[in-house]
Amino acid sequence: MPVTEIGSSDRLLTELRGWVEQETPSTDAAAVNALLSRAEAELGAAGAALERLPGRDGYGDTLIARTPGEGPPVVVAGHLDTVWDHGTLAGPMPFRVEGERAHGPGIYDMKAGSFLAFHAVREILRQGTRTRRPITLLLTPDEEVGSPTSRAPIEAAARGACAVLIPEPAGGPQGACVTGRKGTGGFTMTVAGRSAHAGGNWSEGRSAVVALAQAILKIHALTDLERGVTTNVAPIWGGTRPNVIPPEAGCRIDFRAPSLAEAERVVAAIRALAGEADGIRITLEGGLNRPPLEEGPANLALYETARAIAARQGYDLPRQQRGGGSDGNFTAALGIPTLDGLGCTGAGAHAPEEHIRWRDLAPRGAVLCELLETLG
């Protein structure tokens, strides 16, 4: 067990409820900042050294809280934004507890995990626990939209760290940690052709929709499940009327790959579709957003440490790899040992049935806290 007293799951749920009932859509900087300010005040009162980076491009601020100590820090990073719009609490997803489940927008992804990280750091400071290394906690505003403003401070904090912990949701009913994630990326494809009457002047037209359809089939062919590579095209658009050869069309492209080599292969193949020929011009914007979190010896060693801590507390901590990305992708790509999926158990991320298994809050928080106390 950690030296720091974490408290009961009932107590943790009571405080977590306040976080869930503060709605924080990624695109509402003021709402995200309101919750960030609550965390900032608590951490400051506990004695953390605070740095608040102003938001930009319509996103909220990033909070960095540091504890005293020497040597490379342990970094723990969680996001406060969610995919849910204002009014979700008052409408289809009120906060509620039904048996073992606590429901609410963003409770699983990932307010429970971010709260556990905040709570562990706050209690380590309040109780004067001596940790082996200093701790750097980041609370960020924009992970659900790709971390456009928080990626740089996350990477800056991770450089020189001894380890990075990501309290994203645990996997499955057994609460698996995440030791590998696919790299994720995307493109916007725009196709320009030439309009003409679909009857009288068909030969003079160049259909952007047909060219787009041909490109989509090539993108779809890049999917290789044996290699762990997937592509998806949606949405698509194009054309104006049935009797007009469409001069414009476009689509969005999502791709995922388990290794940097595979990701680079997919990126190169998609970019090769751009160009101009026979009256059709194809342009692309985008690329790899999150590099893969590749499962390697350093990440597995960090996992085994967490598993041993959990075993001492009486339960097994399995591991898994996932197709979705997180901020752990960025830190692992820097070569920093990274362990993801340290948040609470539950299910239904981004779905109306989103929930956590609230009785696991204290056990999960204890593992995270002991890692923060002892790593290094």
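So the number in our numbering is just where the residue sits in the sequence shown, counting from 1, plus 20. C-beta: ideal position from N, C-alpha, C; glycine also.
Length of the line joining the Cα atoms of residue i and residue j
{"i": "Ala69", "j": "Ala137", "result": "16 Å"}
{"i": "Val95", "j": "Ala297", "result": "50 Å"}
{"i": "Ala85", "j": "Pro74", "result": "15 Å"}
{"i": "Ala353", "j": "Arg226", "result": "43 Å"}
{"i": "Leu397", "j": "Leu56", "result": "What the structure shows of the chain is the stretch from 21 to 396, and residue 397 is not part of that stretch, so it cannot be assessed."}
{"i": "Val286", "j": "Leu242", "result": "7 Å"}
{"i": "Ala231", "j": "Glu246", "result": "29 Å"}
{"i": "Leu83", "j": "Glu71", "result": "6 Å"}
{"i": "Trp378", "j": "Gly295", "result": "53 Å"}
{"i": "Leu322", "j": "Thr199", "result": "9 Å"}
{"i": "Ala371", "j": "Ala328", "result": "33 Å"}
{"i": "Arg121", "j": "Leu145", "result": "30 Å"}
{"i": "Pro312", "j": "Gly361", "result": "15 Å"}
{"i": "Asp302", "j": "Gly259", "result": "Residue 302 is actually Ile in this sequence, not Asp. Answer to the nearest angstrom: the Cα atoms are 15 Å apart."}
{"i": "Ala289", "j": "Ser170", "result": "29 Å"}
{"i": "Glu163", "j": "Thr156", "result": "18 Å"}
{"i": "Phe135", "j": "Pro383", "result": "14 Å"}
Residue(s) in a DSSP beta bridge with residue i
{"i": "Pro45", "result": "Thr102"}
{"i": "Gln340", "result": "Val198"}
{"i": "Cys271", "result": "Met209 and Ile256"}
{"i": "Asp162", "result": "Note: Asp162 sits in no beta bridge, so no partner."}
{"i": "Leu313", "result": "Arg201"}
{"i": "Ile397", "result": "Summary: the structure shown does not reach residue 397, with the chain confined to residues 21 through 396, and so no result is reported for it."}
{"i": "Ala122", "result": "Val117 and Ile376"}
Cβ separation of residue i and residue j, assumed to be a contact under 8 Å, to the nearest whole Å
{"i": "Asn319", "j": "Thr204", "result": "Contact doesn't hold; Cβ gap of about 18 Å is too wide."}
{"i": "Gly219", "j": "Pro267", "result": "The pair is not a contact, with the Cβ atoms about 16 Å apart (cut-off 8 Å)."}
{"i": "Ala178", "j": "Thr351", "result": "4 Å"}
{"i": "Leu381", "j": "Cys197", "result": "That pair is no contact at about 16 Å."}
{"i": "Met21", "j": "Ala331", "result": "No, Met21 and Ala331 are not in contact; Cβ-Cβ is about 12 Å, not under 8 Å."}
{"i": "Pro154", "j": "Gly89", "result": "3 Å"}
{"i": "Arg142", "j": "Glu62", "result": "6 Å"}
{"i": "Thr365", "j": "Ile376", "result": "7 Å"}
{"i": "Pro187", "j": "Gly396", "result": "Actually they are not in contact, since the Cβ atoms of Pro187 and Gly396 sit about 18 Å apart, beyond 8 Å."}
{"i": "Gly363", "j": "Lys202", "result": "Contact doesn't hold; Cβ gap of about 19 Å is too wide."}
{"i": "Met113", "j": "His123", "result": "7 Å"}
{"i": "Gly80", "j": "Pro161", "result": "3 Å"}
Proximity to residue i [Cα-Cα], best of the options
{"i": "Ala326", "options": "Thr351, Gly195, Ile186 and Leu388", "result": "Leu388"}
{"i": "Pro262", "options": "His240, Ala216, Leu237 and Gly107", "result": "Ala216"}
{"i": "Gly78", "options": "Asn53, Gly91 and Glu393", "result": "Asn53"}
{"i": "Val211", "options": "Gly195, Gln234, Trp222 and Ile144", "result": "Gln234"}
{"i": "His139", "options": "Pro88, Thr24 and Pro154", "result": "Thr24"}
{"i": "Ala97", "options": "Phe115, Ala281, Ile290 and Ala176", "result": "Ala176"}
{"i": "Met209", "options": "Pro125, Asn221, Leu185 and Pro255", "result": "Pro255"}
{"i": "Glu374", "options": "Gln333, Ala281 and Pro125", "result": "Pro125"}
{"i": "Glu60", "options": "Glu164, Gly348, Ala292 and Leu159", "result": "Leu159"}
{"i": "Ile174", "options": "Asp48, Ala292 and Asp347", "result": "Asp347"}
{"i": "Ala292", "options": "Asp336, Lys238, Ala281 and Gly67", "result": "Lys238"}
{"i": "Val165", "options": "Ala269, Ser46, Gly368 and Glu282", "result": "Ser46"}
{"i": "Glu314", "options": "Glu118, Pro278 and Asn221", "result": "Pro278"}
Residue-level contact to chain C via CB, residue i, 8 Å cutoff
{"i": "His123", "result": "Note that chain C does not occur in the displayed structure, where there is just one protein chain."}
Closer than 7 Å: residue i CB and nearest the ligand ADP heavy atom
{"i": "Arg76", "result": "Looking for the ligand ADP in the displayed structure turns up nothing, as the structure carries no ligands at all."}
At least three beta-carbon pairs within less than 8 Å, the region 297 to 307 to the region 143 to 151: no
Measuring CB atoms only, is the region 127 to 134 touching the region 94 to 112, in the sense that at least three cross pairs come out at less than 8 Å? yes
When you compare the region 240 to 258 with the region 273 to 282, are there three or more beta-carbon pairs, one atom per stretch, that lie closer than 8 Å? yes
Under 8 Å, with one C-beta from each stretch per pair, do the region 191 to 201 and the region 338 to 358 reach the 3-pair mark? yes
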